[in-house]
Each structure stands twice: as C-alpha cells, then as structure tokens.
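Q: Below is the structure I would like to discuss, written out as structure tokens.
Numbering (my numbering), first residue to last: 3 to 120.
See below:
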C-alpha cells in the first residue's frame, strides 16, 4: 500500500471523538448532542465529531425540541458493536475501567441499574 492509502485506512482511528460518540450512543441510546458525556473533551469538539460522524453516515442528526440530537445509523451500529467488543477485551486485560452501573433513586431507595437506551 502507498502512504496515502495507508493514511486513508487509519484516518478514522485518528478521530477518537467520532468513535467515542458511537460507543456512547450504543450504550445509552439516542440523545441530544449537548447531553453526550464529554469526559474532558470540549463541547465544540463533541459537535464537530458528531457532524463528521454524520457526514460518514454513522449517525443521523435530527432536532428533538430545541436540541440537535444524534442516533446511530445501521452502519454506525455495526462499528459501535465492534468497538464495544474491543472495550470488553480491554476490560479483561485491565486496560480500561468497566462500565459502572448508575445508581438511580426510586422513591427513597436506591436502585442499581445500567442506563437504558432512550
């Protein structure tokens, strides 16, 4: 392969913001872009990554009320499933922290559950 072809092959891997959005939408379901957890990434980067993911056909952008929202396309779902598999392997090797359950309160008691898709 020539250098330019190699650059194209690995381009998406150099865009962690896009991959992060895909996994978050996979784990939590469609949501407003401003609600996507940023984990230290600026809000402008999150919007740019969402726009790039939409241009690649990995997510659909739409308005929900006054907010711009994002949801996975079928292609995005396929990519996110593979990234999720990679995260599980990284968890097994203790290279990343496992997804933590979110404590929700129900009345006066706490209920442990994982976030459900919207």
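Think of the CB as a built atom: it goes at the ideal place given N, C-alpha and C, for glycine as much as any other residue.
Bear in mind that the values here come from a model prediction, so they are computed numbers and not experimental data.
Can you find the residues in the same chain that come closer than 8 Å, C-beta to C-beta, to residue 83, ignoring five residues on each side of it along the sequence?
A: To locate residue 83, count along the chain shown from 1; it is residue 81. Cβ within range, chain order: 28.
Q: Along the chain, where does the alpha helix (DSSP H) containing residue 82 start, and where does it finish?
A: Sequence index remark: in the chain shown, residue 82 carries index 80 (1-based). Note, residue 82: alpha helix (DSSP H), 76-94.
Q: Mapping the DSSP letters down to three states, classify residue 39 as helix, strand or coil.
A: Within the chain shown, residue 39 is the residue found at index 37, counting from 1. Here residue 39 sits in coil by DSSP.
Q: What residue range does the alpha helix (DSSP H) around residue 63 cover?
A: As a working note, residue 63 is residue 61 in the chain shown. That residue, residue 63, is in no alpha helix (DSSP H); its beta strand (DSSP E) goes 61-66.
Q: To the nearest angstrom, report how far apart residue 114 and residue 100 are at their CA atoms.
A: The sequence position of residue 114 within the chain shown is 112, counting from 1. The sequence position of residue 100 within the chain shown is 98, counting from 1. With a pLDDT of 45 at residue 114, under the threshold of 50, the modelled position of that residue is not reliable, and no figure is offered here.
Q: Using a threshold of 8 Å, state whether the C-beta atoms of residue 73 and residue 61 are closer than that.
A: Here the question's residue 73 lines up with position 71 in the chain shown. Here the question's residue 61 lines up with position 59 in the chain shown. Yes, they are a contact pair.
Q: Per DSSP, residue 72 forms a beta bridge with which residues?
A: As a first step, residue 72 is located in the chain shown; it is residue number 70 there, counting from the start. Looking at the DSSP assignment, residue 72 forms a beta bridge with 33 and 63.
Q: Give every residue of the same chain whose Cβ lies closer than 7 Å to the Cβ of residue 32, excluding the five residues on either side of it in the sequence, and list them in chain order.
A: Counted from its first residue, the chain shown places residue 32 at position 30. The answer, listed in chain order, is 71, 72, 73 and 120.
Q: Among 66, 23, 78 and 64, which one has its Cα closest to the Cα of residue 50?
A: Sequence index remark: in the chain shown, residue 50 carries index 48 (1-based). It is 23.
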